[in-house]
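Chains A and B are the protein sequences, given in the same order. Read in order, the letters of the first sequence correspond to residues 117 to 182 in the working numbering. Read in order, the letters of the second sequence correspond to residues 2 to 153 in the working numbering.
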Amino acid sequence: MRATVNGEPVELPDGLTVSTLLQHLGVRAERVAVERNGEVVKQARHGEHRLASGDVLEIVTFVGGG
Amino acid sequence: MDELVLGGHRFTSRLVVGTGKYKDFPTMNAALQASGAGMVTVAVRRLDLKARGEASLLHWIPKDMVLLPNTAGCFTAEDAVRTCRLARELQLGGENRWSSWRSSPTRRRSSPTSKRRWRRQGSWSRRASACCPTPTTTRSRRRSWRMPVARR
Chain A
117 MRATVNGEPV
127 ELPDGLTVST
137 LLQHLGVRAE
147 RVAVERNGEV
157 VKQARHGEHR
167 LASGDVLEIV
177 TFVGGG
Chain B
2 MDELVLGGHR
12 FTSRLVVGTG
22 KYKDFPTMNA
32 ALQASGAGMV
42 TVAVRRLDLK
52 ARGEASLLHW
62 IPKDMVLLPN
72 TAGCFTAEDA
82 VRTCRLAREL
92 QLGGENRWSS
102 WRSSPTRRRS
112 SPTSKRRWRR
122 QGSWSRRASA
132 CCPTPTTTRS
142 RRRSWRMPVA
152 RR
């Protein structure tokens with residue numbers, strides 16, 4: 117399945133949810149916020165959002181600045 | 002004691018400190034603790050998926066400090082609202098719903114007008130968050146907004 121994560125095209129296993137995507141990427145869910153196709157996915161619903169081919173995902177975190 | 006009350010939070014200090022430009026997290030942590038401030042600004046950035054094992058910024062911010070995510074780097078109202086939404090989601094527990102509304106000065110055509118900016122901010126703040134509009138005098142040469150990458 118082709119998707120775009122943080123601006124980069126990636127090949128992902130089929131059937132991933134947002135939750136399993138973060139596991140696949142080795143990212144701790146409590147440290148990030150996820151946006152899927154322009155909509156924020158609440159952490160409590162990471163497991164409900166099944167990814168589809170062509171999805172555009174943004175995974176962001178807090179950093180120093182400002 | 003004279004207190005500043007903002008968005009339901011009580012502050013005994015008017016000082017707002019930042020988290021940028023420190024050489025390392027321990028230095029930042031020492032400075033934050035020494036400042037006596039109750040509020041600290043943070044930025045929202047893309048996670049660097051190639052970086053591994055980097056410490057979380059939040060680990061080095063004293064737990065009693067209120068986080069003030071900012072929208073620095075956003076050139077349009079839409080980008081700023083989007084960043085605020087992500088910042089809200091990032092703030093664990095939902096009690097600390099703050100955003101510093103900052104729009105970078107850039108090309109006249111893409112920079113939101115004050116009227117539009119405030120209208121959008123009003124829309125945003127009605128939805129969920131306390132917003133703290135902050136002026137910026139920083140001049141930027143960037144042509145378009147793209148969420149920069151953060152290290153994990």
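Positions of the beta carbon are idealized from the N, C-alpha and C atoms, including for glycine.
- Min CB distance A:G170 to chain B below 8 Å: In the first sequence, counting from the first residue as 1, residue 170 of chain A sits at position 54. It does not; no Cβ of chain B falls within 8 Å.
- Excluding the 5 residues preceding and the 5 following B:A56 in the sequence, name in chain order all residues of the same chain whose CB lies nearer than 8 Å to its CB. Within the second sequence, numbered from 1, the residue matching residue 56 of chain B stands at position 55. Contacts found: F26.
- What did DSSP end up calling B:V6 once you bin it into helix, strand or coil? Numbered from 1 along the second sequence, position 5 holds the residue referred to as residue 6 of chain B. In the three-state reduction of the DSSP assignment, B:V6 falls in the strand class.
- Item | Distance between beta carbons of A:D171 and A:N153, contact taken as under 8 Å | In the first sequence, counting from the first residue as 1, residue 153 of chain A sits at position 37. In the first sequence, counting from the first residue as 1, residue 171 of chain A sits at position 55. Yes, A:N153 and A:D171 are in contact; Cβ-Cβ is about 6 Å, under 8 Å.
- Message: Below 8 Å on the Cβ atoms is my contact criterion, and I expect A:A149 with A:L138 to pass it. Report the Cβ-Cβ distance as a whole number of Å.
- Response: Counting from one through the first sequence, the residue named residue 149 of chain A turns up at place 33. Counting from one through the first sequence, the residue named residue 138 of chain A turns up at place 22. Going by Cβ atoms, the distance from A:A149 to A:L138 rounds to 11 Å, so no, they are not a contact pair.
- Inter-residue Cα distance where the pair is A:V134 and A:V143: As a working mapping, residue 134 of chain A is identified with position 18 in the first sequence. As a working mapping, residue 143 of chain A is identified with position 27 in the first sequence. Distance between the alpha carbons of A:V134 and A:V143: 11 Å.
- Is it true that the segment 33-48 of chain B meets the segment 6-25 of chain B, where meeting means three or more beta-carbon pairs spaced less than 8 Å apart? Touching, yes.
- Task: Find the nearest neighbour of A:T136 within the set A:Q159, A:V176, A:G180 and A:V179, judged by alpha-carbon distance.
- Result: The count along the first sequence starts at 1 and reaches residue 136 of chain A at position 20. It is A:Q159 whose Cα lies nearest to the Cα of A:T136.
- Classify B:T42 as buried or exposed, calling it buried when 16 or more other Cβ atoms lie within 10 Å of its own Cβ. Counted from its first residue, the second sequence places residue 42 of chain B at position 41. Buried, since its Cβ has 16 or more Cβ neighbours within 10 Å.
- Message: Please list, in chain order, the chain A residues whose beta carbon lies closer than 9 Å to that of B:G19.
- Response: Position 18 of the second sequence, counted from the first residue, corresponds to residue 19 of chain B. What B:G19 touches in chain A, judged by beta-carbon distance under 9 Å, is G180, G181 and G182, going in chain order.
- Check B:T139 in the structure and name its three-state DSSP category. Looking up residue 139 of chain B in the second sequence gives position 138. Residue confidence for B:T139 is low, a pLDDT of 49 falling below 50, so the modelled location carries little weight and cannot support an answer.
- Item | Closest by C-alpha distance to A:P125, when choosing among A:G163, A:V157, A:H165 and A:L173 | Residue 125 of chain A sits at position 9 when you count from the first residue of the first sequence. The closest CA to that of A:P125, considering only A:G163, A:V157, A:H165 and A:L173, is found on A:L173.
- Item | B:P106 in three-state terms, based on DSSP | Locating residue 106 of chain B in the second sequence gives position 105, where the first residue counts as 1. Here B:P106 scores only 46 on pLDDT, less than 50, and its place in the model should not be relied on; the value that follows carries that caveat. In the structure shown, B:P106 sits in coil (DSSP, three-state: anything other than H, G, I, E or B).
- Query: Using the rule of at least 16 other Cβ atoms within 10 Å of the residue's Cβ for burial, across every protein chain shown, is B:L91 buried or exposed?
  - Reply: Reading the second sequence from its first residue, position 90 is the one you call residue 91 of chain B. Within 10 angstroms of the beta-carbon of B:L91 lie 16 or more other beta-carbons, which makes it buried.
- DSSP bridge partner residues for A:I175 (one or two, in chain order): Working through the first sequence from its first residue, we reach residue 175 of chain A at position 59. DSSP lists A:V150 as the beta-bridge partner residues of A:I175.
- Item | Counted within 10 angstroms of its Cβ, other Cβ atoms place A:G163 as buried (16 or more) or exposed | Taking the first residue of the first sequence as 1, we reach residue 163 of chain A at position 47. Per the 10 Å Cβ criterion, exposed.
- Identify, in the order they occur along the chain, each residue of the same chain with its Cβ nearer than 7 Å to the Cβ of A:R147, setting aside the five sequence neighbours on each side. Taking the first sequence and counting its residues from 1, the one referred to as residue 147 of chain A is at position 31. The answer, listed in chain order, is T177.
- Under 8 Å between C-beta atoms of B:V18 and B:L87: Here residue 18 of chain B corresponds to residue number 17 of the second sequence, with the count starting at 1. Here residue 87 of chain B corresponds to residue number 86 of the second sequence, with the count starting at 1. Against a cut-off of 8 Å, the Cβ pair of B:L87 and B:V18 comes out as no contact.
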